[in-house]
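The sequence shown begins at 1 in UniProt numbering and counts up by one.
All residues carry an ideal CB built from backbone N, CA and C; glycine is no exception.
Because the structure is a prediction, the values reported are computed rather than measured.
Working notes for the structure below.
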Amino acid sequence: MRRTEAIDRIVIIGGGISGLSSAFYLQREAERQGKPVHLTIVDAAPSFGGKINTLQRDGFVIEKGPDSFLARKQAMIDLAKDLGLEGELTATNPAAKKTYILHNRKLHPMPPGLVLGIPTEIAPFVKTSLLSWGGKMRALLDLVMPARPAAGDESLGGFIERRVGTQIMRRIAEPLLAGIYAGDLKKLSLKATFPQFGDSERKHGSLIRGMMANRKATAAAASAKAKGNTFLTFKGGLSTVVRALNEALNGTERRLGVKASAIRKEDSGYTVVLENGEELAADRIVVTTQAFAAADLLEPLADCKELRNIRYVSVANVVMAFDKETFGLDFDGSGFVVPRSEGLHITACTWTSSKWLHTSPRDKVLLRCYVGHSEDQESVKLPDDQLIAAVRRDIRDTMGITAEPMFTEITRLHDSMPQYPVGHIDSMNALRDRLGRELPGIWVTGAAFDGVGLPDCVRQGKEAAAELLREL
Numbered sequence: 001m002r003r004t005e006a007i008d009r010i011v012i013i014g015g016g017i018s019g020l021s022s023a024f025y026l027q028r029e030a031e032r033q034g035k036p037v038h039l040t041i042v043d044a045a046p047s048f049g050g051k052i053n054t055l056q057r058d059g060f061v062i063e064k065g066p067d068s069f070l071a072r073k074q075a076m077i078d079l080a081k082d083l084g085l086e087g088e089l090t091a092t093n094p095a096a097k098k099t100y101i102l103h104n105r106k107l108h109p110m111p112p113g114l115v116l117g118i119p120t121e122i123a124p125f126v127k128t129s130l131l132s133w134g135g136k137m138r139a140l141l142d143l144v145m146p147a148r149p150a151a152g153d154e155s156l157g158g159f160i161e162r163r164v165g166t167q168i169m170r171r172i173a174e175p176l177l178a179g180i181y182a183g184d185l186k187k188l189s190l191k192a193t194f195p196q197f198g199d200s201e202r203k204h205g206s207l208i209r210g211m212m213a214n215r216k217a218t219a220a221a222a223s224a225k226a227k228g229n230t231f232l233t234f235k236g237g238l239s240t241v242v243r244a245l246n247e248a249l250n251g252t253e254r255r256l257g258v259k260a261s262a263i264r265k266e267d268s269g270y271t272v273v274l275e276n277g278e279e280l281a282a283d284r285i286v287v288t289t290q291a292f293a294a295a296d297l298l299e300p301l302a303d304c305k306e307l308r309n310i311r312y313v314s315v316a317n318v319v320m321a322f323d324k325e326t327f328g329l330d331f332d333g334s335g336f337v338v339p340r341s342e343g344l345h346i347t348a349c350t351w352t353s354s355k356w357l358h359t360s361p362r363d364k365v366l367l368r369c370y371v372g373h374s375e376d377q378e379s380v381k382l383p384d385d386q387l388i389a390a391v392r393r394d395i396r397d398t399m400g401i402t403a404e405p406m407f408t409e410i411t412r413l414h415d416s417m418p419q420y421p422v423g424h425i426d427s428m429n430a431l432r433d434r435l436g437r438e439l440p441g442i443w444v445t446g447a448a449f450d451g452v453g454l455p456d457c458v459r460q461g462k463e464a465a466a467e468l469l470r471e472l
């Protein structure tokens, strides 16, 4: 028998951006619709935020997790507006738009018009020193090659190689796109990562022509904040949005610093069991944890093989602060990415103080180096002194930097990057259909499902809230 109280009890497992967005939009829309709910947020961490973690130190604004979000994805901008934070948004330094790619240990400027590694302006592409003439001609064959008939999913790397060749895939697309997922393009799902590539081939008969059309359409549809900007963040760092969400959710119950260890199905709903022995009654549950953690909670109640098939990759970032007087180098861009063929520990280096003017005092320099990908999990495990030495060796060999840092901040993000295998979307749809039948009232969402970027997680949190409210 279902209990007769009017208030629906909703437990959200996970206090990262997905869980917080779910809670925020659940609370806001439930109030608007006059549906009384009681929200409880559970997270094993002692505070909200998940991977978002801004450190304020000695006048620097240092992101220990993600450092920005894609401006063209509207969900994060909408959340900022909903929280009254639109005035806190800031874009990259307009004088630092140039980005480089390392090739044969030299930094080569990325040709203008490159969108997600695909050329949309032919003249600059033909002039680039990143590819051989054979590689350029192979890429331009995309303009005359017939489109493959619509079929099922394929790997992202296989698709790019098929349309524009191996050189673009390995030297340009891989370091640019794999950085988002820290994955192997030959193992990542096209449909789950960059479905617009497949759409371009089907609609325009060519990846290059399709990306040209997408670029124009995206620019025309961009919001005022996004127009002309690729990335955005907040002046006080990304933790700004976490603090605002925390304040907006002031009336919710919290169970922080304690892990959800089990979910028990009851006649009148569910019980969420915490590792300290506490039990929370729930009519609805939103699970926003990593896929393997979600499987641990749900597998006793339902088959979750699809979640077990999602592999996770660990990464690290090493942030170094320098005194500009002793640094000995001026930057004319925002940083560079590193193809795996270069054999370095770092996969990219952001010239943070050049890219984001709010992050550093004017007489200082801030660098952020990224370490680790799906084929290199050992670098992330290096002891601090060895990791710092490896990174400093890489920046010396690529940029000639020998200055001693004022300080260094290391952040290891273990099991932080889900790898979407080929067929991922169909697998997740099958999982959700099964859970809908066998565990009504439980919704799984977050970075493991439909995008790893902050706007993707916010959008999924908002969708989870709408789905649950429809069921109330």
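Practice task
Tell whether a beta-carbon distance below 7 Å holds between Asp363 and Lys324.
Solution key: If you check the CB distance, Asp363 and Lys324 come in under 7 Å.
Exercise for the section: Please check the pair Gly423 and Ser189, which I expect to be a contact at CB under 8 Å, by giving their CB distance rounded to whole angstroms. Expected result: Their Cβ separation, rounded to whole angstroms, is 7 Å, which keeps Gly423 and Ser189 in contact under 8 Å.
Practice task
Could you tell me which uninterrupted alpha helix (DSSP H) segments, each at least 4 residues in length, are contained entirely in the stretch 241-296, listed from first to last along the chain?
Solution key: Listed in chain order, nothing qualifies, since the stretch 241-296 has no complete alpha helix (DSSP H) run of 4 or more residues.
Handout entry: Status (buried if at least 16 other CB within 10 Å, exposed otherwise) for Met137
Key = Of the residues assessed, Met137 falls on the exposed side of the cut-off, its CB having fewer than 16 other CB atoms within 10 angstroms.
Handout entry: Where His414 falls, given that 16 or more other Cβ within 10 Å makes a residue buried
Key = By the neighbour-count criterion, in which a residue is buried when 16 or more other Cβ atoms sit within 10 angstroms of its Cβ, His414 is exposed.
Handout entry: For Thr4, the three-state DSSP class (helix, strand or coil)
Key = Note that Thr4 scores 44 on pLDDT, short of 50, meaning its location in the model is unreliable; the coordinates nonetheless yield the value given after this. DSSP places Thr4 in coil when its eight states are reduced to three.
Problem - Beta-carbon proximity list for Asn309, same chain, < 8 Å, skipping 5 on both sides - result: So the list reads Pro421 and Ser427, once near-sequence residues are dropped.
Practice task
Can you say whether Arg9 is buried or exposed, counting buried as having 16 or more other CB atoms within 10 angstroms of its CB?
Solution key: With at least 16 other beta carbons inside 10 angstroms of its own, Arg9 counts as buried.
Practice task
State the Cα-Cα distance for the pair Arg2 and Ile12, rounded to the nearest angstrom.
Solution key: Note that Arg2 scores 44 on pLDDT, short of 50, meaning its location in the model is unreliable and no value can be drawn from it.
Problem - Own chain partners of Asp332 with C-beta closer than 7 Å, once the 5 adjacent residues on each side are dropped - result: If we look at Asp332 and ignore the five residues flanking it on each side, its Cβ neighbours are Lys98.
Exercise for the section: Return the chain-ordered ranges of every alpha helix (DSSP H) run that is complete within the stretch 297-348 and spans a minimum of 4 residues. Expected result: With a minimum length of 4 residues, the continuous alpha helix (DSSP H) runs that stay inside the stretch 297-348 are 305-308 and 324-327.
Handout entry: Residue burial classification, Ser268 (beta-carbon count within 10 angstroms, cutoff 16)
Key = Burial state of Ser268 is exposed, judged by a 10 Å Cβ sphere holding fewer than 16 other Cβ atoms.
Exercise for the section: Could you check what DSSP says for Leu387 in three-state terms: helix, strand or coil? Expected result: In the structure shown, Leu387 sits in a helix (DSSP, three-state: H, G or I).
Practice task
Go through its chain and collect everything with a Cβ distance to Lys191's Cβ below 8 Å, but skip five positions before and after it.
Solution key: For Lys191, the CB contacts under 8 Å within the same chain, skipping 5 residues up- and downstream, are Asp153, Gly198, His424 and Ile425 in chain order.
Practice task
Leaving out five residues on either side along the sequence, give the residues of the same chain with a beta carbon under 7 Å from the beta carbon of Gly50.
Solution key: Around Gly50: Gly15, Gly16 and Ile17.
Exercise for the section: Give the secondary structure of Leu188 by DSSP, where H, G and I count as helix, E and B as strand, and everything else as coil. Expected result: In the three-state scheme derived from DSSP, where H, G and I count as helix and E and B as strand, Leu188 is classed as strand.
Handout entry: Closest by C-alpha distance to Leu280, when choosing among Pro36, Val42 and Val37
Key = Distances from the CA of Leu280 to each of Pro36, Val42 and Val37 were compared; the closest alpha carbon is that of Val42.
Problem - Distance, Gln27 Cα to Thr4 Cα - result: With a pLDDT of 44 at Thr4, under the threshold of 50, the modelled position of this residue cannot be trusted, and the question is left open.
Problem - Beta-carbon proximity list for Ala465, same chain, < 7 Å, skipping 5 on both sides - result: Excluding the 5 residues flanking it on each side, Ala465 has same chain C-beta neighbours closer than 7 Å at Ser22, Tyr25, Leu26 and Glu29, in chain order.
Exercise for the section: Provide the residue span of the alpha helix (DSSP H) that contains Asp426, from first to last. Expected result: Element bounds for Asp426: His424 to Glu438.
Handout entry: Presumed contact (8 Å Cβ cut-off) between Phe327 and Val365, rounded CB distance
Key = Right, the Cβ-Cβ distance comes to about 5 Å (below 8 Å), so this counts as a contact.
Exercise for the section: Would you mind working out which of Phe407, Glu375, Met399 and Gly400 sits nearest Ile388, comparing C-alpha positions? Expected result: If we check each option's Cα against that of Ile388, Phe407 comes out closest.
Exercise for the section: Mind checking which residues open and close the alpha helix (DSSP H) that includes Ala44? Expected result: First-last for Ala44: undefined, no H or E at that position.
Exercise for the section: Could you have a look at Glu154 and say whether DSSP puts it in helix, strand or coil? Expected result: Secondary structure of Glu154 (DSSP, three-state): coil.
Problem - Beta-bridge partners of Lys364, as assigned by DSSP - result: Its beta-bridge partners are Asp323.
Problem - Selected residue, minimal CA-CA separation from Asp394, among Gly441, Ala291 and Gly343 - result: Of Gly441, Ala291 and Gly343, the smallest CA-CA separation from Asp394 is found for Gly343.
Practice task
Return the CA-CA distance between Met211 and Ala139, expressed in angstroms with no decimal places.
Solution key: Spanning the two alpha carbons is a distance of roughly 14 Å.
Handout entry: Euclidean distance between Cα positions of Pro109 and Leu130
Key = One Cα belongs to Pro109, the other to Leu130, and the distance between them is close to 8 Å.
Problem - C-alpha gap between Leu469 and Asp82, whole angstroms - result: The alpha-carbon atoms of Leu469 and Asp82 are separated by roughly 19 Å.
Problem - Length of the line joining the Cα atoms of Leu206 and Ala220 - result: This sequence places Ser at residue 206; Leu is not what is there. In this structure, the straight-line span from the alpha carbon of Ser206 to that of Ala220 is close to 21 Å.
Exercise for the section: Work out the CA separation of Phe48 and Thr40 for me, nearest whole Å. Expected result: The straight-line gap from Cα to Cα measures roughly 13 Å.
Problem - Uninterrupted beta strand (DSSP E) stretches inside the stretch 97-142 (no shorter than 3 residues) - result: With a minimum length of 3 residues, the continuous beta strand (DSSP E) runs that stay inside the stretch 97-142 are 99-103 and 106-109.
Handout entry: Cβ distance (whole Å) where Leu238 is taken to contact Pro66 below 8 Å
Key = Rounded to whole angstroms, the Cβ separation of Leu238 and Pro66 is 6 Å, and the two are in contact under 8 Å.
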